[in-house]
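Going by the UniProt record's numbering, the first residue of the sequence shown is number 1, and it counts up by one from there.
For glycine and all other residues, C-beta sits at the position ideal for the given N, C-alpha and C.
Please read the structure below before turning to the comments.
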Amino acid sequence: MKNSADVIIIGSGVIGNATAYYLAKKGCSVIVLEKSDNIGDGGSSRNGGGVRQSGRDKRELPLAMYGAKNLWPTLSEELGMDVEYYQQGNLRLGKTQAHLKTLTNLTNKAKECGLEVNMISGQEARNICPYLSEEVIGASWCPTDGHANPMRTTLAYYSKARQLGVNFITGEEVVDIEKVKGKAKRVITKNNIYEGDNIILAAGYESRKIAATIGIDIPLNHVLLEVLVTEAQPSMFYQMLGTAEADFYGHQSTHGSFVFGGTSGYEAFNKDNGIQATSSISASCTCRGILKYFPCLQDAKIVRTWAGWIDDCADHVPVISYVEEVPGVILACGFSGHGFGISPTVGMLLSEMVVEKDTTLDISAFRYDRFKAKI
Numbered sequence: 001m002k003n004s005a006d007v008i009i010i011g012s013g014v015i016g017n018a019t020a021y022y023l024a025k026k027g028c029s030v031i032v033l034e035k036s037d038n039i040g041d042g043g044s045s046r047n048g049g050g051v052r053q054s055g056r057d058k059r060e061l062p063l064a065m066y067g068a069k070n071l072w073p074t075l076s077e078e079l080g081m082d083v084e085y086y087q088q089g090n091l092r093l094g095k096t097q098a099h100l101k102t103l104t105n106l107t108n109k110a111k112e113c114g115l116e117v118n119m120i121s122g123q124e125a126r127n128i129c130p131y132l133s134e135e136v137i138g139a140s141w142c143p144t145d146g147h148a149n150p151m152r153t154t155l156a157y158y159s160k161a162r163q164l165g166v167n168f169i170t171g172e173e174v175v176d177i178e179k180v181k182g183k184a185k186r187v188i189t190k191n192n193i194y195e196g197d198n199i200i201l202a203a204g205y206e207s208r209k210i211a212a213t214i215g216i217d218i219p220l221n222h223v224l225l226e227v228l229v230t231e232a233q234p235s236m237f238y239q240m241l242g243t244a245e246a247d248f249y250g251h252q253s254t255h256g257s258f259v260f261g262g263t264s265g266y267e268a269f270n271k272d273n274g275i276q277a278t279s280s281i282s283a284s285c286t287c288r289g290i291l292k293y294f295p296c297l298q299d300a301k302i303v304r305t306w307a308g309w310i311d312d313c314a315d316h317v318p319v320i321s322y323v324e325e326v327p328g329v330i331l332a333c334g335f336s337g338h339g340f341g342i343s344p345t346v347g348m349l350l351s352e353m354v355v356e357k358d359t360t361l362d363i364s365a366f367r368y369d370r371f372k373a374k375i
């Protein structure tokens, strides 16, 4: 097995796989190392599938807007696999005046960045989605938001990257990054040593431990989020849905099932030895919240739930950055549970960081050293 390449990517989630694809398109040789035995076994295949621009931090918004305009609409054709992308808008719902205040603040900030998003009344929201309850008194509406299938997207990037010659190696747990003459050069796993001129760290929460081997600490927390899926329902609506309090979000899939993510606001003690296990608390709590907005789903059966770890950054904005102290390393982590929607843009930008050095969009707001104490 050839253990050297132009670029070594640590992590085969949607960010790592997208980056591998765009790098291979630029003619780079790429090795992707994945700790799990399965591709995309983390949050990339265990999320709600939102491809939204609304409700994002102003630093992230240009990445989301670029992807919604330039990448997502043609992604299925480009990758040769239907990623089930729908661009039919996003309703973020409110039931109280406090909710509307939150939504109005988010809407005004997004409009300042040029996003087409507006506050609408409860009745206007029901004109878009007639299934909403009368409890909804207002919403923000972004017509260019959407959703896609996260598992199919992750696997589509993987499949296309493999066709272009990318070498994916599963069951390879990275334990160290080593420097040669001051530059990061070697990736050490439990079984092998790999060498590359560029090393991209896109391993979710595991990135913190790996970055520590080169003296870099990324302030990430390990947060477990849960998603549930219903049995197939008649075609009802294909907008992406969310709430002011972010207590649930979701959409109806191509196959008719509803996919909803949510939180109870209470993190249960989990006797799971660190595995991605669901609990009985979050799913039932999420269902109760959903029924306040969509009573028409009261008889829909939940067929399964699943959970995934997210790498929640201290300021809830990702780290996409060179490391000045250690040339040869690029960080791509801390996506805080909303990296899927910007994954095509991030993959494109990371490939540009390796090859062109100049990027299509400004990434200075995502520097890793923004957390350093100011003196």
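Per-residue burial, residue i [other beta carbons within 10 Å of its own, 16 or more giving buried]
i	result
His338	buried
Val175	exposed
Gln239	buried
Gly351	Looking at the sequence provided, one finds Ser at residue 351 rather than Gly. Looking at its Cβ environment, which holds 16 or more other Cβ atoms inside 10 Å, Ser351 is buried.
Gln53	buried
Arg92	buried
Thr74	exposed
Glu325	exposed
Lys95	buried
Asn198	buried
Ser253	buried
Glu356	exposed
Ser121	exposed
Asp358	exposed
Pro150	buried
Phe269	Unreliable positioning characterises Phe269 in this predicted model, as indicated by a pLDDT of 48, which lies under 50. The coordinate reading is nonetheless provided below. Under this definition Phe269 is an exposed residue.
Phe371	exposed
Glu77	exposed
Nearest-angstrom Cβ-Cβ length linking residue i and residue j, presumed shorter than 8 Å
i	j	result
Glu39	Ser12	It is worth fixing the name first, because residue 39 is Ile in this sequence and not Glu. Indeed, because the Cβ distance is near 5 Å, the residues count as touching under 8 Å.
Thr153	Val83	4 Å
Val117	Thr230	So it is not a contact: roughly 28 Å between Cβ atoms.
Ala203	Ile10	5 Å
Pro344	Trp72	6 Å
Phe294	Ser133	7 Å
Ile218	Ser207	6 Å
Gly256	Ala232	3 Å
Leu220	Gly334	6 Å
Gly262	Thr286	3 Å
Phe258	Val227	No, Phe258 and Val227 are not in contact; Cβ-Cβ is about 11 Å, not under 8 Å.
Tyr85	Ala161	Not a contact, Cβ separation roughly 19 Å.
Leu33	Ile169	6 Å
Residues that DSSP places opposite residue i in a beta bridge
i	result
Gln53	Paired residue(s): none; Gln53 is not in a bridge.
Arg92	Ser140 and Gly242
Ile31	Ile8 and Asn167
Residue i versus residue j: straight-line alpha-carbon distance, rounded
i	j	result
Asn3	Gly289	50 Å
Gly27	Val166	10 Å
Asp37	Ser364	34 Å
Ala18	Tyr157	5 Å
Ile216	Thr189	19 Å
Arg367	Tyr322	7 Å
Cys296	Gly250	15 Å
Val354	Gly347	11 Å
Asn108	Ala5	46 Å
Trp141	Leu115	11 Å
Phe237	Lys101	26 Å
Asp362	His316	18 Å
Lys209	Ile137	45 Å
Cys129	Val180	58 Å
Cys113	Asp311	26 Å
Tyr131	Arg46	26 Å
Tyr66	Asn191	40 Å
Is the region 314–330 touching the region 178–194, taking contact as three or more C-beta pairs under 8 Å? yes
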